[in-house]
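Asker: The structure under discussion is supplied below as structure tokens; questions concerning it will follow.
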Amino acid sequence: MPPKSASAKSAKSNRAKRTANQAKRSETSVKPVKEDVSTIPLELQQLLLNVFRNSFSNRFGSDLKPLLQEVKQHLYNRDFLSAFGKDEYLEAYVVRWSPSRALGYLQILGDLEDHIFVSKELGAKRNPHDLRIACIGGGAGAEIVGLAGFLKLLAEKHAPPEDGQTKDSNSGTSEKAPASSTQPRFEVSAIDIANWSPIVASLQNAITTSPPLSKYASNTAKEANTKLLHPDSFNTESLQQDVLTMPVADLSVQLQDADLITIMFTLNELYTSSLPKTQAFLMKLTGYLRPGSLLLVVDSPGSYSTVTLNGAEKQYPMHWLLDHTLLSVPKDAKSKDESPKWEKILTDESRWFRLPEVLKYPIDLENMRYQIHLYRRTA
Numbered sequence: 001m002p003p004k005s006a007s008a009k010s011a012k013s014n015r016a017k018r019t020a021n022q023a024k025r026s027e028t029s030v031k032p033v034k035e036d037v038s039t040i041p042l043e044l045q046q047l048l049l050n051v052f053r054n055s056f057s058n059r060f061g062s063d064l065k066p067l068l069q070e071v072k073q074h075l076y077n078r079d080f081l082s083a084f085g086k087d088e089y090l091e092a093y094v095v096r097w098s099p100s101r102a103l104g105y106l107q108i109l110g111d112l113e114d115h116i117f118v119s120k121e122l123g124a125k126r127n128p129h130d131l132r133i134a135c136i137g138g139g140a141g142a143e144i145v146g147l148a149g150f151l152k153l154l155a156e157k158h159a160p161p162e163d164g165q166t167k168d169s170n171s172g173t174s175e176k177a178p179a180s181s182t183q184p185r186f187e188v189s190a191i192d193i194a195n196w197s198p199i200v201a202s203l204q205n206a207i208t209t210s211p212p213l214s215k216y217a218s219n220t221a222k223e224a225n226t227k228l229l230h231p232d233s234f235n236t237e238s239l240q241q242d243v244l245t246m247p248v249a250d251l252s253v254q255l256q257d258a259d260l261i262t263i264m265f266t267l268n269e270l271y272t273s274s275l276p277k278t279q280a281f282l283m284k285l286t287g288y289l290r291p292g293s294l295l296l297v298v299d300s301p302g303s304y305s306t307v308t309l310n311g312a313e314k315q316y317p318m319h320w321l322l323d324h325t326l327l328s329v330p331k332d333a334k335s336k337d338e339s340p341k342w343e344k345i346l347t348d349e350s351r352w353f354r355l356p357e358v359l360k361y362p363i364d365l366e367n368m369r370y371q372i373h374l375y376r377r378t379a
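Each residue of the sequence shown is one higher than the one before, starting from 1 at the first, in UniProt numbering.
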């Protein structure tokens, strides 16, 4: 900055130079943000939005907006116990933020299908169509519904013949027979610090039962009204646990047989809560998972965490801390030639998922910008 006694002409000249330099930097440093072009059928995306709408149809009243304001204030204050301490807060959060993320996660999973099942073949001894997923911080249902949509896509690839239908005695509608042994099955555990069990149960019910119909519905509508997934093919479990302080035995049970671990918009919060505990959690995760398991991390782009080294504070990008933990050779390695326990197979620091405008939902939803990192556990 020039001193206060500098001439106006000099100040103007300096401002012009700075403006020119800033413009020059912006032209050379701005990178285009990748946008996911949705390859998911619109009908399926709408069905997933309907899962949220049907599960919490009573939540779209005039009290939704003030509830959301209260939730946002608690989140801003990082008071998570209060933000997720009431059933009405949980429902308000879910109907507002989970639907768009569920569709974004579905697109991500669809894009990663080849990686997921290559890793499954490398490491699993079970039916290759089964998948066990642990969702860290996944209680709000976005991961669960996104995974349900992904399973629906996979199931259609293994669908039985058209004549293999059964009659639903409760609804009078026809639907495809239960999943065969060759069709994919998902077991999903959602581990979260809040008690999301009622939310998960409602979503599970909406996914595995036929949607409600008006008593005046036509026969055609009744025939078309089928459940998204058969109950035998999709099972969910909600656990209220803080993964940073979770008993070792409990954490091991949840992770040791998992094919896929997801940490969606949660890792930076864990780092902010306690960087040492988060690093320790990632090391435990590494020890519990078998070779071939995948770790999928999705978070806000540009997430940073503050690290204190030798008494000085410095900010590091979240993905740098993650790489440092997973891709470095442990200090206690028995050999200098020992390899890292993970390999990074996909990374992108900024992407957009944009909602198709034709989709219908009672309230406005937002597009999702995110960073993504995918790791595979090595031998």
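Idealized CB from N, CA, C, for every residue including glycine.
Report the option in V51, S189, A142 whose CA atom is closest to the CA atom of D259.
Answerer: The residue with the shortest Cα to Cα distance from D259 is S189.
Asker: How long is the line joining the alpha carbons of R376 and L213, rounded to whole angstroms?
Answerer: 44 Å
Asker: Taking contact to mean 3 or more Cβ pairs, one atom from each stretch, closer than 8 Å, check whether the stretch 360 to 378 and the stretch 344 to 352 are in contact.
Answerer: yes
Asker: Report the rounded CA-to-CA distance for V145 versus P184, giving the unit in angstroms.
Answerer: Here the alpha carbons of P184 and V145 stand approximately 16 Å from one another.
Asker: Give me the residue from G61, S210, E43, I345 with the minimum Cα distance to L103.
Answerer: E43
Asker: Flag this pair as yes or no: are the beta carbons of residue 380 and L296 separated by less than 7 Å?
Answerer: Missing from the structure shown is residue 380; the chain here goes from 1 to 379 and no further.
Asker: Helix, strand or coil, according to DSSP, for H230 in the structure here?
Answerer: coil
Asker: Can you tell me whether DSSP reads V298 as helix, strand or coil?
Answerer: strand
Asker: Is K284 near the ligand ZN, with its Cβ less than 6 Å from a heavy atom?
Answerer: Among the components of this structure there are no ligands whatsoever, and the ligand ZN is therefore not found.
Asker: With 16 other CB atoms within 10 Å as the buried threshold, where does N219 fall?
Answerer: Result: exposed.
Asker: Span of the beta strand (DSSP E) holding M318?
Answerer: Taken as a continuous stretch (DSSP letters only), M318 belongs to no beta strand (DSSP E), being part of the alpha helix (DSSP H) at 318 to 326.
Asker: Work out the CA separation of L270 and Q315 for me, nearest whole Å.
Answerer: 15 Å
Asker: List the endpoints of the continuous beta strand (DSSP E) containing Y76.
Answerer: Looking at the DSSP string, Y76 is not in any beta strand (DSSP E); the run it does join, the alpha helix (DSSP H), is 64 to 76.
Asker: Would you say the stretch 233 to 248 touches the stretch 186 to 200, given that touching needs at least three Cβ pairs under 8 Å?
Answerer: With a cut-off of 8 Å, the stretch 186 to 200 and the stretch 233 to 248 count as touching, because enough Cβ pairs lie within range.
Asker: If contacts are defined as beta-carbon pairs under 8 Å, then L131 and F52 qualify, I think. What distance do you get, rounded to the angstrom?
Answerer: Actually they are not in contact, since the Cβ atoms of L131 and F52 sit about 23 Å apart, beyond 8 Å.
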